[in-house]
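S.K.: First the structure, then my questions, so here it is.
Number of protein chains: 2
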Amino acid sequence: MQQVEITREYIEEVEEAIERKDSAFVLSTMAEMHPADITTVLYELDTNESKYVMDLLPPEVGAEILSDLDYDIRTDFLGYFTSEEIARYINLMDSDDAVDILNEQSVQTREEVIALLDNEEKAEHILDLLHYEEDCAGGLMGKELIKVNLNWRVRHCIEEIRRQAENVERIYTVYVTDKRDILVGRVSVKKLLLSRDDTPVKDIYNPDVISIESFRDENEVVNVMQRYDLEAIPVVNIQGRLLGRITIDDVVDVMQEQAELSRQLMTGITENVEEDDSVFRISRSRLPWLVIGMVGGLLAAQFMGVFEADIAMLPALALFVPLITATGGNVGIQSSSIIIQTLSSNVVIFENFAQRILKLVLVALLNALIISALVFAFSYLFRHELKLSIVVSVALFSVVILASLMGTITPMILDKFGINPAVAAGPFITTANDLLGLAIYFGIAHLLYEM
Amino acid sequence: MQQVEITREYIEEVEEAIERKDSAFVLSTMAEMHPADITTVLYELDTNESKYVMDLLPPEVGAEILSDLDYDIRTDFLGYFTSEEIARYINLMDSDDAVDILNEQSVQTREEVIALLDNEEKAEHILDLLHYEEDCAGGLMGKELIKVNLNWRVRHCIEEIRRQAENVERIYTVYVTDKRDILVGRVSVKKLLLSRDDTPVKDIYNPDVISIESFRDENEVVNVMQRYDLEAIPVVNIQGRLLGRITIDDVVDVMQEQAELSRQLMTGITENVEEDDSVFRISRSRLPWLVIGMVGGLLAAQFMGVFEADIAMLPALALFVPLITATGGNVGIQSSSIIIQTLSSNVVIFENFAQRILKLVLVALLNALIISALVFAFSYLFRHELKLSIVVSVALFSVVILASLMGTITPMILDKFGINPAVAAGPFITTANDLLGLAIYFGIAHLLYEM
Chain F
1 MQQVEITREY
11 IEEVEEAIER
21 KDSAFVLSTM
31 AEMHPADITT
41 VLYELDTNES
51 KYVMDLLPPE
61 VGAEILSDLD
71 YDIRTDFLGY
81 FTSEEIARYI
91 NLMDSDDAVD
101 ILNEQSVQTR
111 EEVIALLDNE
121 EKAEHILDLL
131 HYEEDCAGGL
141 MGKELIKVNL
151 NWRVRHCIEE
161 IRRQAENVER
171 IYTVYVTDKR
181 DILVGRVSVK
191 KLLLSRDDTP
201 VKDIYNPDVI
211 SIESFRDENE
221 VVNVMQRYDL
231 EAIPVVNIQG
241 RLLGRITIDD
251 VVDVMQEQAE
261 LSRQLMTGIT
271 ENVEEDDSVF
281 RISRSRLPWL
291 VIGMVGGLLA
301 AQFMGVFEAD
311 IAMLPALALF
321 VPLITATGGN
331 VGIQSSSIII
341 QTLSSNVVIF
351 ENFAQRILKL
361 VLVALLNALI
371 ISALVFAFSY
381 LFRHELKLSI
391 VVSVALFSVV
401 ILASLMGTIT
411 PMILDKFGIN
421 PAVAAGPFIT
431 TANDLLGLAI
441 YFGIAHLLYE
451 M
Chain R
1 MQQVEITREY
11 IEEVEEAIER
21 KDSAFVLSTM
31 AEMHPADITT
41 VLYELDTNES
51 KYVMDLLPPE
61 VGAEILSDLD
71 YDIRTDFLGY
81 FTSEEIARYI
91 NLMDSDDAVD
101 ILNEQSVQTR
111 EEVIALLDNE
121 EKAEHILDLL
131 HYEEDCAGGL
141 MGKELIKVNL
151 NWRVRHCIEE
161 IRRQAENVER
171 IYTVYVTDKR
181 DILVGRVSVK
191 KLLLSRDDTP
201 VKDIYNPDVI
211 SIESFRDENE
221 VVNVMQRYDL
231 EAIPVVNIQG
241 RLLGRITIDD
251 VVDVMQEQAE
261 LSRQLMTGIT
271 ENVEEDDSVF
281 RISRSRLPWL
291 VIGMVGGLLA
301 AQFMGVFEAD
311 IAMLPALALF
321 VPLITATGGN
331 VGIQSSSIII
341 QTLSSNVVIF
351 ENFAQRILKL
361 VLVALLNALI
371 ISALVFAFSY
381 LFRHELKLSI
391 VVSVALFSVV
401 ILASLMGTIT
411 PMILDKFGIN
421 PAVAAGPFIT
431 TANDLLGLAI
441 YFGIAHLLYE
451 M
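From first to last, the protein sequence lines stand for chains F and R. The working numbering applies: residue 1 is where the first sequence begins, and numbers increase by one. The working numbering applies: residue 1 is where the second sequence begins, and numbers increase by one.
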C-alpha cells in the first residue's frame with residue numbers, strides 16, 4: 001500500500017455517490033484506504049456527508065478516524081452522533097484516545113457514553129484516567145500495557161503476553177512488577193523469545209527502567225523520552241506502582257503542538273488557524289496582535305510628539321527612526337529567542353545568574369560596538385553631518401544593549417511568574433523595544449544638540 | 001532508575017578524580033548512569049578529561065555516547081581517537097548512526113575505520129548506506145530489521161527472529177518479503193505469538209504496508225510517519241525491494257532539527273548556538289541579520305531623505321513612522337508564517353491559486369479596514385488634524401494590504417525556486433516591509449498635501 005493521492009476529482013466523485021446514496025461505491029472506494037486518508041477525505045466533505053460515510057464504515061475504522069480528527073472539528077462532528085454510537089467507537093479505542101474524546105463532551109454525554117460501554121475493563125480504565133489533568137503524564141498515558149510478575153518463568157510470561165496482547169496494539173517493552181504492582185524493571189519481547197521456557201524472569205529482567213510520575217508536566221515527559229530515546233515510558237504513582245504508559249506517538253503530537261504554539265506566539269497569531277479556514281476566522285486570529293502593535297505605534301507617535309519641535313528644527317533626525325526601531329526589534333527577538341530555548345529545554349546550565357548576565361552584556365557590547373561603528377561610518381559618508389552621525393551611533397549603541405537586556409530579562413521574569421516565556425518573543429517585545437529605542441534616540445539627540 | 005540530577009559539585013568531583021587518575025572512582029560513579037546522562041557530564045568536561053572517561057567506559061556505553069553527541073562537538077572529539085578506537089565503537093552501533101559518524105570524518109579516516117571493522121555484515125551495511133544523500137530516506141535508514149519469507153511457517157519465523165534479533169535493538173514490525181526480496185507485507189510479533197506454530201505466514205500476514213522510496217526527502221518521511229502514526233517505516237528501492245527501515249527516534253530528531261531551524265530563520269540567528277557557547281560564537285551568529293537590518297534602516301534613511309523637505313514643513317508626519325513600519329512588519333510576519341506552514345506540511349489544499357489569493361485579499365481588506373478605522377479615530381482624537389489622520393489611515397490601509405501580499409507571495413516564490421521559504425519569515429520580510437510602508441506613507445502624504 002502506497003499513500004494515495006486525494007484529488008479534487010475524487011472528492012467530487014465521492015460527493016456525488018453520497019448524494020445518490022450509493023453506499024456500495026463509497027464502501028468499495030474506501031475499503032483499501034488507510035483511515036488517515038479517509039480522515040483527509042472527510043475534512044473536505046460537509047458534516048452530513050461525513051456522518052453518512054462514518055455510518056457505512058466498519059466501527060474499527062471509524063474509531064481510528066475519530067482518534068485522528070482535530071479536536072475542534074471532532075467536538076462539532078460528534079454532536080451528530082447518539083451516545084450509543086459514540087460508545088460503540090469508544091469501545092474500540094485505546095483508553096488514552098477514548099479519554100481525550102470524552103473530555104471534550106458535555107458531562108451528560110460523557111456519563112451516558114461510559115454507562116453504555118460493553119467492555120467493562122475499558123470503562124474502568126477510562127474512569128480511572130478521567131481523574132488526571134490533560135497536560136500531565138497521567139493525562140497522556142493509556143492503561144494498555146503488558147506486564148509480567150517478577151516471580152514468573154518465561155513460559156508463563158509468553159502465555160500472559162498472548163492473553164494481554166489482545167488489548168494492546170503495540171507491545172514495546174514488557175514491564176516487570178512485584179506482587180504489590182510496584183514497577184521493578186523491564187524485559188524485552190526479544191529477550192523472552194531468546195530465552196529458554198523455564199528461565200525465571202528474575203534471571204533475565206533488566207532492573208534499569210526509566211519511569212515518570214503521573215503528576216509530571218507533559219513537557220517533562222517529552223524531555224525525558226527524547227533524552228533517553230524511549231519509544232514508551234511507564235507512568236507510576238508516588239509509591240512506584242505501575243499506572244500506565246505513554247507511547248512515542250503521543251509525544252510526537254505534544255512536540256507538534258509545542259512547535260505550533262511557539263510559532264503562533266512568535267507571529268502573534270492567537271488561534272490555531274490553517275490556510276483553509278474561513279476569512280473571518282483567519283482575520284480574527286490576527287487582529288489582537290495587530291491592534292496591540294497599533295496601540296504601540298500610536299504611543300510612539302504621542303511620545304515623539306514631545307520632540308516635535310526638535311524634529312521641526314532638524315528634520316534629518318526623523319530619517320533614522322526606522323533604523324533605531326528595526327535594530328531594537330531585531331536584537332530583542334534574537335535575545336529572547338535564545339533564552340526561551342534555554343528555559344523550555346531544561347538544559348542544565350552550570351553558569352550562575354551573574355555569569356550569564358555578564359556574558360549577555362559582553363555579547364551585546366560587542367555587537368553594539370560593531371553595528372554603531374558601521375552606522376557612524378555610513379551615515380557620515382552619506383550626510384557629512386558629524387553631530388548627527390554621533391547622535392545616531394550613540395543611540396544605536398544604547399538601543400542594542402538595552403534591547404538585549406530586555407529581550408533576556410523579560411522571558412526570565414515571565415517564566416518566574418509561571419507565564420509561558422514564549423509570549424515575550426512576539427510583537428510584545430518588538431513594540432516595547434520600539435518605544436524604548438525612540439526614548440533613547442530622542443533623549444540623546446536632545447542632550448547633544450542642547451535643544 | 002530515575003533520572004539523575006547532575007550538579008556543579010558532581011562535575012567538580014569528577015574533574016578532581018580525573019586529575020588524580022582515580023579510574024576506580026570514575027568507573028563506579030558512572031556505572032549506574034544512563035549513557036545520555038554521561039553525555040551531559042562529558043559536555044562539562046574538557047576534551048582530554050572526556051577522552052580519559054571514554055577510555056575507561058565499556059565500549060557499548062561509549063558507542064551510545066558517541067551516537068548521542070552533537071555532531072559538531074563529536075567531529076572535534078573524534079580527532080582525539082585513533083582509527084582503531086573509532087572502529088571498535090562503530091562495530092557496536094546501528095548502521096545508521098555509524099554512517100552519520102563516518103560521514104563527518106575525512107575520507108582517509110573513513111576508509112581506515114571501515115577496513116578495521118570486525119563485523120563484516122556491519123561493514124557491508126555501512127558501505128551500502130554511504131551511497132545515500134544524508135537528508136533523504138536512504139540517508140536516515142538503518143539496515144537492521146527483521147524480515148521473514150512469505151512461504152515460511154510461524155515456527156520457522158520465530159527461529160529466524162531469534163537469530164536476526166541478536167543484531168536488532170528494537171523489533172517493531174516483522175517485514176514479509178517474497179523470494180526476490182520485494183516487500184509484500186508485514187506481520188506483528190504479537191500476531192506470530194498468537195498463532196499456531198504450523199500456520200503459514202501467507203495466512204496471517206498483512207499485505208497493507210506503507211513504505212517509502214529511498215530517494216524521498218526527509219520531510220516527506222516525517223510527514224508520512226506522522227500521518228499514518230508509524231513507529232517504523234520500511235525503505236524500498238524503485239522496484240519495491242526492501243532496503244532498510246527508519247525508526248521513529250530518527251524522525252523525532254529530524255522534527256527537532258526542523259523546529260530549531262525555523263526558530264533560527266525567524267529570529268535571524270545564523271548558527272546553531274546555545275546559551276553556554278562562547279561570547280564570540282553567540283555574537284557572530286547574531287551579527288549577519290543585524291547588519292542586514294542596519295542596511296535596511298540606512299536605506300530607509302536615504303529614502304526618507306527625499307522627503308526631508310516635507311518633514312521640515314510638517315514634522316508631525318514623522319511621528320507616525322514607527323506605526324507604519326511596525327504594522328507592516330507584523331502583518332508581513334503573520335502572512336508569511338501561515339503560508340510557510342502550509343508549504344512545509346504538505347497539506348492538501350483544494351482551493352486553487354486564484355481562490356487562495358482572493359481569500360488572502362479578503363482577510364487583508366478586513367483587517368486593513370479595522371486597523372485603519374481605529375487609527376483614524378485615535379489620531380484625530382489626539383491631534384485634531386483631519387488631513388494628517390486621513391493620510392495616516394489611508395497609508396496604513398495600503399500597508400496592511402501590500403504587506404499581506406508580500407508576506408504571502410515571497411515564500412511561495414522562494415519555494416518555487418527551491419529555497420527554504422522560512423528564510424522569508426525573518427528580518428528579511430520585516431526590512432522589506434519597512435521600506436515598502438515608508439514609500440506608501442510618504443507617497444500618499446506627498447500627494448494629499450500636494451507638497
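All residues carry an ideal CB built from backbone N, CA and C; glycine is no exception.
List the residues that DSSP assigns as beta-bridge partners of R/Ser-188.
M.R.: R/Ser-188 is bridged to R/Thr-173.
S.K.: If the cut-off is 8 Å on Cβ atoms, which residues from the region 294-306 of chain R count as contacting chain B, listed in chain order?
M.R.: Protein chains F and R are contained in the structure displayed, whereas chain B is not.
S.K.: Rank F/Asn-237, F/Gly-142, F/Ile-233 and F/Ile-371 by C-alpha distance to the C-alpha of R/Arg-286 and give the top, closest one.
M.R.: Of the candidates F/Asn-237, F/Gly-142, F/Ile-233 and F/Ile-371, the one whose C-alpha sits nearest the C-alpha of R/Arg-286 is F/Ile-371.
S.K.: Looking at F/Ser-336 and F/Pro-411, is the spacing between their C-beta atoms short of 8 Å?
M.R.: Yes; because the gap between Cβ atoms is below 8 Å, this pair is in contact.
S.K.: Between the Cα of F/Leu-448 and those of F/Thr-430, F/Asp-434, F/Ser-389 and F/Ala-432, spot the shortest distance and give me the residue it belongs to.
M.R.: The shortest Cα separation from F/Leu-448 among F/Thr-430, F/Asp-434, F/Ser-389 and F/Ala-432 belongs to F/Ser-389.
S.K.: Relative to chain F, which residues along the region 223-244 of chain R have a C-beta separation below 7 Å, given in chain order?
M.R.: From the region 223-244 of chain R, only Val-224, Gln-226, Arg-227, Tyr-228, Asp-229 and Glu-231 have a Cβ closer than 7 Å to chain F.
S.K.: Can you give the Cα-Cα distance for R/Val-321 and F/Phe-320, rounded to whole angstroms?
M.R.: Each residue's alpha carbon lies about 10 Å from the other.
S.K.: Using a C-beta to C-beta distance shorter than 8 Å, which residues of chain R count as neighbours of F/His-105?
M.R.: Sequence inspection shows Gln at residue 105 of chain F; the His mentioned does not correspond to that position. Here the premise fails: no neighbours, minimum Cβ distance about 23 Å.
S.K.: Suppose contacts are defined by Cβ-Cβ distances below 8 Å. Is R/Gly-305 in contact with R/Asp-434 by that definition?
M.R.: The answer is no: Cβ separation not under 8 Å.
S.K.: Helix, strand or coil for R/Leu-436? Go by DSSP, reduced to three states.
M.R.: Here R/Leu-436 sits in helix by DSSP.
S.K.: Is the beta carbon of R/Val-235 closer than 8 Å to that of R/Gly-139?
M.R.: No; because the gap between Cβ atoms is not below 8 Å, this pair is not in contact.
S.K.: Pick out the complete alpha helix (DSSP H) segments inside the region 291-334 of chain R, 4 residues or longer, and give them in chain order.
M.R.: Correct list: 308-313 and 316-319.
S.K.: Can you name the residues of chain F whose CB is closer than 9 Å to the CB of R/Glu-308?
M.R.: Per Cβ cutoff of 9 Å: Pro-315, Ala-316, Ala-318 and Leu-319.
S.K.: Counting only Cβ pairs nearer than 9 Å, list the residues of chain F close to R/Phe-382.
M.R.: Here the neighbours are Leu-298, Ala-301, Gln-302 and Gly-305.
S.K.: For F/Arg-162, would you say it is in contact with chain R, using Cβ-to-Cβ distances shorter than 8 Å as the test?
M.R.: For F/Arg-162, the answer is yes, since a Cβ of chain R falls inside 8 Å of its Cβ.
S.K.: May I ask which residues mark the beginning and end of the alpha helix (DSSP H) holding F/Lys-416?
M.R.: Start and end: 386-416.
S.K.: Thinking just about the alpha-carbon of each residue, which of F/Ala-373, F/Ile-210, F/Val-279 and F/Leu-360 is nearest to the one in F/Val-224?
M.R.: It is F/Ile-210.
S.K.: Exposed or buried, what is R/Glu-9 when buried is set at 16 or more other beta-carbons lying within 10 Å of its beta-carbon?
M.R.: Label assigned to R/Glu-9: exposed.
S.K.: Terminal residues of the continuous alpha helix (DSSP H) containing R/Val-61?
M.R.: Segment 59-68, the alpha helix (DSSP H) holding R/Val-61.
S.K.: Check this for me: beta carbons of F/Ile-114 and F/Leu-129, under 8 Å apart or not?
M.R.: Taking 8 Å as the Cβ cut-off, F/Ile-114 and F/Leu-129 do not qualify as a contacting pair.
S.K.: For R/Met-30, return the contacting residues in chain F, with the cut-off set at a CB-CB distance below 7 Å.
M.R.: The premise fails here: R/Met-30 is roughly 13 Å from chain F at the closest Cβ pair, so nothing lies under 7 Å.
S.K.: To the nearest angstrom, how far is it from the Cα of F/Glu-218 to the Cα of F/Met-141?
M.R.: Using only the alpha carbons, I get a separation of about 10 Å.
S.K.: Using only CA atoms, which one of R/Cys-136, R/Cys-157, R/Glu-84 and R/Gly-332 lies nearest to R/Thr-431?
M.R.: Closest by alpha carbon: R/Gly-332.
S.K.: Flag this pair as touching only if the region 66-86 of chain R and the region 97-111 of chain R have three or more C-beta atom pairs under 8 Å; answer yes or no.
M.R.: Touching, yes, given that three or more Cβ pairs across the two stretches are closer than 8 Å.
S.K.: Should F/Lys-147 and F/Val-174 be called a contact, given that it needs their Cβ atoms to be closer than 8 Å?
M.R.: Against a cut-off of 8 Å, the Cβ pair of F/Val-174 and F/Lys-147 comes out as a contact.
S.K.: Assuming F/Lys-202 is part of the alpha helix (DSSP H), what are its boundary residues?
M.R.: Start and end: 201-204.
S.K.: Alpha carbons only, please: which of F/Arg-180, F/Val-53 and F/Thr-29 is nearest the one belonging to F/Val-243?
M.R.: Strictly speaking, residue 243 of chain F in this sequence is Leu, with Val absent from that position. With distances taken between Cα atoms, F/Leu-243 lies closest to F/Arg-180.
S.K.: Based on Cα-Cα distance, which residue from R/His-156, R/Arg-162, R/Val-184 and R/Leu-358 lies nearest to R/Thr-199?
M.R.: Comparing Cα-Cα distances from R/Thr-199 to each of R/His-156, R/Arg-162, R/Val-184 and R/Leu-358, the minimum goes to R/His-156.
S.K.: CA-CA distance, F/Val-399 and F/Leu-369?
M.R.: Rounded to whole angstroms, F/Val-399 to F/Leu-369 spans 11 Å at the Cα level.
S.K.: Smallest Cα separation from R/Leu-42: which of R/Glu-60, R/Glu-12, R/Phe-280 and R/Leu-396?
M.R.: Checking every option, the nearest Cα to that of R/Leu-42 belongs to R/Glu-12.
S.K.: Under three-state DSSP, which class holds F/Asp-198?
M.R.: Here F/Asp-198 sits in coil by DSSP.
S.K.: If the cut is a Cβ gap below 7 Å, which residues of chain F does R/Trp-289 touch?
M.R.: Those are Asn-330, listed as they occur along chain F.
S.K.: Count the other CB atoms within 10 Å of the CB of F/Tyr-71; is the residue buried (16 or more) or exposed (fewer)?
M.R.: It counts as exposed.
S.K.: Run the CB neighbour count on R/Gln-2, radius 10 Å, all protein chains shown included, and call it buried at 16 or more, exposed below.
M.R.: Legend: pLDDT at R/Gln-2 = 46, less than 50; position of this residue unreliable, value from coordinates given subsequently. Label assigned to R/Gln-2: exposed.
S.K.: DSSP three-state label for R/Thr-430, please.
M.R.: Helix, per DSSP.
S.K.: Could you compute how far the alpha carbon of F/Asp-310 sits from the alpha carbon of F/Leu-362?
M.R.: Each residue's alpha carbon lies about 34 Å from the other.
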